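4 protein chains.
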Amino acid sequence: MTRVTVWNEFRHEREEERVREQYPEGIHGTIREFLAEAGFGVETATLDEPEHGLTEERLAETDVLLWWGHAAHDEVRDDVVDRVIERVLDGMGFLALHSAHYSKPFKRLLGTSCSLTWREAGERERLWVVEPGHPIADGLPESFTVPDAEMYGERFDIPAPDDLVLLSWFEGGEVFRSGCCYRRGAGKLFYFRPGHETYPIYRQAEVQRVIENAVRWAAPGGGPTPSFENRTEPLEALSDE
Amino acid sequence: MTRVTVWNEFRHEREEERVREQYPEGIHGTIREFLAEAGFGVETATLDEPEHGLTEERLAETDVLLWWGHAAHDEVRDDVVDRVIERVLDGMGFLALHSAHYSKPFKRLLGTSCSLTWREAGERERLWVVEPGHPIADGLPESFTVPDAEMYGERFDIPAPDDLVLLSWFEGGEVFRSGCCYRRGAGKLFYFRPGHETYPIYRQAEVQRVIENAVRWAAPGGGPTPSFENRTEPLEALSDE
Amino acid sequence: MTRVTVWNEFRHEREEERVREQYPEGIHGTIREFLAEAGFGVETATLDEPEHGLTEERLAETDVLLWWGHAAHDEVRDDVVDRVIERVLDGMGFLALHSAHYSKPFKRLLGTSCSLTWREAGERERLWVVEPGHPIADGLPESFTVPDAEMYGERFDIPAPDDLVLLSWFEGGEVFRSGCCYRRGAGKLFYFRPGHETYPIYRQAEVQRVIENAVRWAAPGGGPTPSFENRTEPLEALSDE
Amino acid sequence: MTRVTVWNEFRHEREEERVREQYPEGIHGTIREFLAEAGFGVETATLDEPEHGLTEERLAETDVLLWWGHAAHDEVRDDVVDRVIERVLDGMGFLALHSAHYSKPFKRLLGTSCSLTWREAGERERLWVVEPGHPIADGLPESFTVPDAEMYGERFDIPAPDDLVLLSWFEGGEVFRSGCCYRRGAGKLFYFRPGHETYPIYRQAEVQRVIENAVRWAAPGGGPTPSFENRTEPLEALSDE
């Protein structure tokens, strides 16, 4: 059973009434619920827990880490970020949701600013599957709509994704690479754009399906552990001279 | 259960004693055996059967098609190739083994000459896993050796692979991109270099493991079927002018 | 000086009054004009010339071939297509414009159906630069608008581009990968979506700029010509056994 | 004229006699010489200069920065690294040479450990051009040899390159992705493996040619500067609800 940890900043839900109404148990609570129903073993962790809930033990028992943050990216301790990145390079999957494009682990794993343009106008977003053969597209329709979305627009300052699965159309004129796959070390990363603290986006079936698919896709494999070493002894005989 | 069809030219085994000794039931027989043991449902098809054994029915019931050909690529009927390609674009996986780099379906799916340099000297090949997080690397060591191999050397005239999983080193001085993944339509393709009619390469555990992993990876997903159509009705209202 | 040949089906302009009004000298005439002004050496060729104007000599003297076709793709002779493809693999650049997504050379070089969804409603298209560091983006604004466009929508059944430079937004709700780079053999390919026989799109400054940039990018380089051969002599000594 | 700055750690040459013999004016001196002969404007900078020679002014006047470091990566100040990265994302080219795979700017731009396996045995390396149509392959032979090289072997823990141009074969049995292109922000990166402080590798014609080609390829373009902003005003009218 794939073991998932859902990490949430968990500030908006405690501080703003309209967010609490959408996600009374926190965004992590909602995500935990549908992932548990999908058959995953799910734990949660939040910013204000000791070590942000991401202890060595918790990470060692995590196959795929989901990350939701927005207003307090800077409060995440660098040593915890180091720990997360080390685990990703070692094989742990990492899903960055919505505003987690600006989270420390995501930015450090990608190496770019991860900047974008945005607009909070509750406009319509339509997501198109551009790679229907990709496992993250399983069970999705050709396109689906998020009725009230915060717009994220290109240029999205990311490295070109290894696989581009979803593209977003926005009512106000923008497009966005909304479902982006990367490999880093032995780990797999997926960025998924939809989601917001004041819209019920994580209750939408297609959005949940994408996240479930991405967890399956990002789960660690059983490939070899590379030896990074001074291999003084050649594998094949060298010529005399 | 993933349904596999192993296609083999099946001429060398009938015409040359030393090939028959290596593969008394044909290369397809050996591959069928280890794939069946790995839990797949496996059928075979060969060049000299009616329609090369690749009838509409056979292909409709195939999730992943393996292809081994060498001396008789030109004898494969174009209408059967059309049928294979249509199925790949529709989601069927396709594994091209060794000299199948020059097979009609592979060349047509890639669009290039698929040429390379070669040498038959029974030299040592060492395969290196360059993408340890890829599912096709599951269970493999960091590198493994094929003791007696036909050399294939770069430049290999293929499009840059979507994922490059394996690189080969050859005793005589060449390198080769030996494990190459592509998406075409809804289908997944994998080219795997090792294999030869007079060496027992398909009996080697690591080689079998790669092929098993690739079958799993290339099995069709459940993504949407795109509508390629004249969509006269816009999804969103157009402005008046 | 980069030598360009602009190939045009050149039927609409002769048969339909409203197309002739847009492009009195043919689409190829308009493209020739602005490319010549940009400093390229430009010739043209059309479907109804002998060998479609694409003789061995013409192709041998072409660095970059532009292709516009729409209603008569099937009338292009296969031997001429073979010739074009051979030159591309040998290093000639190839630009497929708009409905040339369905041209024989483009489909054969990509290996997929190149299908898409479309709508002729004269709606607004907005093109976004997603890779501002790419040479094809030189001199472009962050986004630009084509006021009256035929919509092309995803799923566009192409292999994932090696570089994705432009994305289109359409008023009616669709998105499209509108500027796609590929390498095939030693040649470079660029697909560019905008363009239509009844809209003055090839007179638009940004569209002309993209085409000029793409010609520069796709011009042949001076890399090595691979030897595809039976290299019986190893480059390095083989071990005795 | 493309303006190049060659950065060198410049410790080995001052501390070790055998290195000084190879590079009496420092590795940066040798590289400066052949790049100046190739027509570039070249400055140098070294670790022990104030701000490592990489002041705001120097970087503002640099189109492409070359980086050679080995034993003192950790002594490079983080604020200078920040400055370098900001310039790369803004369009400056960056070439990481040999042991610069472990330099701070390279590791931060790629996001991975950039680890590898190595052996100092003065063995033969053969570099193969796998992408002959790439500008970095201009003027190169199909393959070339570095007679005495330090081995670098896979797994090289990097993200899959956007373009893979060169592969290395080593006498002792290893392979390596030796010429790797990336885009980060508006900037282009190239990693080039050959080079060592005690071998005359930077005096070799093919090695110099690769570096010259890479400088041309990595020079900044003229694409748009993205606006990363809160675009409160939609570009297109939103529906009422």
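Chains as they are written, first to last, in the working numbering: chain A, 1 to 241; chain B, 1 to 241; chain C, 1 to 241; chain D, 1 to 241.
Idealized CB from N, CA, C, for every residue including glycine.
The model shown is predicted, which means the values in this text are computed figures rather than measured ones.
Range of the contiguous alpha helix (DSSP H) that encloses residue i
i      : result
B:T30  : 26-37
C:L109 : 104-110
B:V210 : 205-218
A:E125 : From DSSP, A:E125 is part of no alpha helix (DSSP H) but of the beta strand (DSSP E) over 117-129.
B:R20  : 17-22
B:R177 : From DSSP, B:R177 is part of no alpha helix (DSSP H) but of the beta strand (DSSP E) over 175-184.
Contact with chain A by residue i, beta-carbon distance below 9 Å
i      : result
C:A160 : yes
C:S113 : no
C:R77  : no
D:R126 : no
C:P234 : no
B:R108 : no
C:E142 : yes
B:R183 : yes
Cα-Cα separation between residue i and residue j, rounded to whole angstroms
i      : j      : result
B:T46  : B:H101 : 17 Å
D:R83  : D:T225 : 18 Å
A:V42  : B:Q208 : 35 Å
C:W68  : D:P50  : 58 Å
C:E150 : C:L166 : 17 Å
D:M92  : D:R216 : 12 Å
A:L95  : B:A219 : 24 Å
A:Y202 : A:I31  : 7 Å
B:V130 : A:S227 : 12 Å
B:D63  : B:D163 : 21 Å
B:E125 : A:D79  : 43 Å
A:H12  : A:P200 : 14 Å
C:A38  : C:E212 : 7 Å
C:P161 : C:S168 : 15 Å
A:S103 : C:N230 : 53 Å
A:T55  : A:R87  : 12 Å
C:H98  : C:T44  : 18 Å
First through last residue of the beta strand (DSSP E) which encompasses residue i
i      : result
A:V244 : Residue 244 of chain A falls outside the range modelled here, since chain A spans only 1 to 241, and no answer is possible.
B:V64  : 64-68
A:E43  : 41-46
B:V80  : From DSSP, B:V80 is part of no beta strand (DSSP E) but of the alpha helix (DSSP H) over 78-89.
B:E140 : In the sequence on display, residue 140 of chain B carries Leu and not Glu. Premise fails: B:L140 is in no beta strand (DSSP E) and is neither H nor E.
A:G187 : 187-192
B:N8   : 3-8
Sequence-distant residues of the same chain with beta carbon closer than 6 Å to residue i, five excluded per side
i      : result
A:S115 : D157
D:T117 : G153
D:E214 : The sequence given here places Ala at residue 214 of chain D; Glu does not occur at that position. Contacts found: L95, I136, F190.
C:H28  : V6, N8, T44
Cβ neighbours of residue i in the same chain (closer than 8 Å, five flanking residues each side left out)
i      : result
B:R18  : T198
D:D90  : G185, A186, G187
B:P159 : L110, G111, T112, Y182
Cutoff 9 Å: residue i Cβ touching any chain B Cβ
i      : result
D:S227 : no
D:G223 : no
D:L89  : no
A:V129 : yes
A:D138 : yes
C:R83  : no
A:D48  : no
D:P132 : yes
Any chain C beta carbon closer than 9 Å to residue i
i      : result
A:A237 : yes
For residue i, the three-state DSSP class (helix, strand or coil)
i      : result
A:S239 : coil
C:S168 : strand
D:Y202 : helix
C:L54  : coil
D:A96  : strand
C:D163 : strand
Minimum Cβ-Cβ distance from residue i to chain D less than 9 Å
i      : result
A:Y191 : no
Heavy atom of the ligand MN within 8 Å of residue i beta-carbon
i      : result
D:W217 : Only the bare structure without any ligand can be found here, which leaves the ligand MN out of the picture.
Residue i at chain E interface by Cβ criterion, 9 Å
i      : result
B:S168 : Protein chains A, B, C and D are contained in the structure displayed, whereas chain E is not.
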